[in-house]
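Visitor: Please read through the structure below; I'll follow up with questions.
There are 2 protein chains.
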Amino acid sequence: MGKRAEALELAILGLLHDAPLHGYELRKRVNSLLGWGRAFSYGTLYPTLKAMVRQNYLAEDQPVDTLVTPAPHRSGRRGRIAYRLTPEGKERFAELLSQTGPSAWDDEHFGVHFAFFGRADADTRMRILIGRRSRLQEKLDQFRSALSRTRERLDAYTLELQRHGLESVEREVKWLDDLISAERRSIDRPPGAMPTPGAGEPPAPPTGNEGENGR
Amino acid sequence: MGKRAEALELAILGLLHDAPLHGYELRKRVNSLLGWGRAFSYGTLYPTLKAMVRQNYLAEDQPVDTLVTPAPHRSGRRGRIAYRLTPEGKERFAELLSQTGPSAWDDEHFGVHFAFFGRADADTRMRILIGRRSRLQEKLDQFRSALSRTRERLDAYTLELQRHGLESVEREVKWLDDLISAERRSIDRPPGAMPTPGAGEPPAPPTGNEGENGR
DNA sequence: GTATGGATGTATCGGTTCGATACATCGATC
DNA sequence: GATCGATGTATCGAACCGATACATCCATAC
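Shown next as structure tokens:
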């Protein structure tokens, strides 16, 4: 199926879980949900939607030509097709949601999985966070060794690029560490507790995070 | 030609500028040069190399079967093809290097261009940095407006994902600001000055950068 | 009133790019 | 002396993007 379409499938299932949507809106939401990453194109979205209909995860609600807006003199407005989750779709969502392994913590997948963490159980959350962390740790290691191997023969700009890349990954690891310890705390505590490891929340800063969030 | 292959072309020209390399090594260097981003596959590299040979930017040095390593009893070792820059290739490199515009500060392109900043003139550098900054500012704006539009109906995890994404972009803008002011300073100063806006260099920290680079 | 332009919407097509794989040599380790 | 992993070139089918076509709605300006 392709890694990217796999991530898209989860995103679609998750977004349609609460309310039916049509393609255009769906795409906007998917892409703002994963704001930082690459955007999905229609050329990926529509074929994926059709495939999911074929597999019976989704159903199409054709609007026939009835009132979309209760406007007068409506006749043949180009219908917008609302996609709705079937029971099989809900099952599929649960299945994808609970899966751990590389297909959950790869660069392509992690964001979507994280976005729907609220619907996953604590065990799955923890496994994915740990997996993602060690994935990044790997990346960090080869980064550092490549850097130390070639430091002499790099000019200032290339070196700065490497340094910045390294710092970004380090920062992400730190973020994950905070999330992980927040999860651990909420396991020991009543299950109604929220993570909120961000900057600005008064109650329980995760570890020792400086809130140097100027402006 | 495709945006991605365009970036690859510049990377190849830049890496071969000093010394010829063969495909395997070339791929490793390209991908470690742009460490953070997506890696290029052979399925992209080899066709691109062939196209560049066809356009006369590169020449292939077939090793025939001579000594690659001065080992004894050599005969028909599978030759590794070293790619070498032609004069036209050098011209092409200069041309790509000096171009500004979206094709220099897009997500796909910025990293490669920055990596070879040392070979570009100060004017080009500044234009690309400014362009990149405003590109990120755009992204920041739509990020923030999307966030304020939907804040209420987001659960804690989705919100945290958004917050983290936003923070990453903000951090990148800050990085660019430091680079830009370092560039400005080195324009007023003698042209032999180095940027070195990173953490750890004693001389001239760019603005007010905290070096909280623990471990 | 109407045109011009932009947001909303569905859909497809050509070409680019990926991921997996085949194939082959080399050095090491057991 | 065989098995393994790294090095190396190369290709193919499938996945994916980007651009575009087409159509309706609604604002604002003319």
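In order, the protein sequence lines correspond to chains A and B. No gaps in the numbering here: position 105 of the first sequence is 322 in the numbering used here, and each next residue is one more. No gaps in the numbering here: position 1 of the second sequence is 218 in the numbering used here, and each next residue is one more. A virtual CB, placed ideally from N, CA and C, is assigned to each residue, including glycine. Quick caveat, the model's predicted, so the values are computed rather than measured.
By alpha-carbon positions, which one of A:Gly-254, A:Leu-225, A:Leu-376 ends up nearest to Tyr-263 of chain A?
Guide: If we check each option's Cα against that of Tyr-263 of chain A, A:Leu-225 comes out closest.
Visitor: Rounded to a whole number of angstroms, what is the C-alpha to C-alpha distance between Val-329 of chain B and Trp-322 of chain B?
Guide: For Val-329 of chain B and Trp-322 of chain B, the distance between alpha carbons rounds to 10 Å.
Visitor: Below 8 Å CB to CB, which residues in the same chain sit around Asp-278 of chain B once its five sequence neighbours on both sides are set aside?
Guide: Hits under 8 Å: Pro-237, Ile-298, Ala-299, Tyr-300, Arg-301.
Visitor: Can you grab the Cα-Cα spacing for the pair Ala-222 of chain B / Thr-317 of chain A, in whole Å?
Guide: The alpha-carbon atoms of Ala-222 of chain B and Thr-317 of chain A are separated by roughly 34 Å.
Visitor: Using the DSSP secondary-structure output, state which residues sit across from Tyr-300 of chain B in a beta bridge.
Guide: In DSSP, Tyr-300 of chain B forms a bridge with B:Leu-238, B:Glu-277.
Visitor: Which residues in the same chain as Lys-356 of chain B place their Cβ atom closer than 8 Å to its Cβ, once the five residues preceding and following it in sequence are excluded?
Guide: Result list for Lys-356 of chain B: Val-386, in chain order.
Visitor: Across the stretch 363-381 of chain A and the stretch 342-355 of chain A, are there enough close Cβ pairs to call them in contact, namely three or more that are closer than 8 Å?
Guide: Verdict: no, contact absent.
Visitor: Taking Gly-231 of chain B and Ala-332 of chain B to be in contact with their CB atoms under 8 Å, please state how far apart those CB atoms are, rounded to whole angstroms.
Guide: At roughly 7 Å, the Cβ-Cβ gap stays under 8 Å, so Gly-231 of chain B and Ala-332 of chain B are in contact.
Visitor: Could you tell me the distance, in whole angstroms, from the CA atom of Ser-362 of chain A to the CA atom of Arg-368 of chain A?
Guide: About 10 Å.
Visitor: Go to Ser-385 of chain A, then tell me how far its alpha helix (DSSP H) extends in each direction, as first and last residue.
Guide: Segment 373-405, the alpha helix (DSSP H) holding Ser-385 of chain A.
Visitor: Counting only C-beta atoms, is Gln-439 of chain B closer than 8 Å to chain A at any point?
Guide: Since the first residue shown for chain B is 218 and the last is 432, residue 439 of chain B is missing from the structure and cannot be characterised.
Visitor: Return the chain-ordered ranges of every alpha helix (DSSP H) run that is complete within the stretch 318-347 of chain A and spans a minimum of 4 residues.
Guide: As far as the stretch 318-347 of chain A is concerned, its whole alpha helix (DSSP H) runs of at least 4 residues are 319-322, 324-332.
Visitor: Cβ closer than 7 Å: which chain A residues qualify as neighbours of His-381 of chain B?
Guide: Residues of chain A passing the Cβ test: Trp-392.
Visitor: The alpha helix (DSSP H) spanning Glu-226 of chain A covers which residue range?
Guide: 220-232 is the span of the alpha helix (DSSP H), which, as asked, contains Glu-226 of chain A.
Visitor: For Phe-331 of chain B, which residues in chain A fall below 7 Å Cβ to Cβ?
Guide: Those are Tyr-374, Leu-378, listed as they occur along chain A.
Visitor: Thinking Glu-275 of chain A and Thr-303 of chain A are a contact (beta carbons under 8 Å), I'd like their distance in whole angstroms, please.
Guide: First, the residue type needs correcting, since residue 275 of chain A is Leu and not Glu in the sequence shown. About 6 Å; that satisfies the 8 Å criterion.
Visitor: For chain B, find out if any of its Cβ atoms is closer than 8 Å to the Cβ of Ser-398 of chain A; answer yes or no.
Guide: Not one chain B Cβ lies under 8 Å of Ser-398 of chain A.
Visitor: Use the C-beta contact count for Ala-228 of chain B: other C-beta atoms within 10 angstroms, 16 or more gives buried, fewer gives exposed.
Guide: Label assigned to Ala-228 of chain B: buried.
Visitor: Does the beta carbon of Leu-225 of chain B come closer than 8 Å to any beta carbon on chain A?
Guide: So, not an interface residue.
Visitor: Does Glu-369 of chain B come out as helix, strand or coil in the three-state DSSP assignment?
Guide: DSSP places Glu-369 of chain B in coil when its eight states are reduced to three.
Visitor: State the Cα-Cα distance for the pair Asn-248 of chain B and Glu-242 of chain B, rounded to the nearest angstrom.
Guide: If you take the alpha carbons of Asn-248 of chain B and Glu-242 of chain B, they lie about 10 Å apart.
Visitor: Output the distance between the C-alpha atoms of Ile-345 of chain B and Ala-311 of chain B, rounded to the nearest integer angstrom.
Guide: Distance between the alpha carbons of Ile-345 of chain B and Ala-311 of chain B is about 15 Å.
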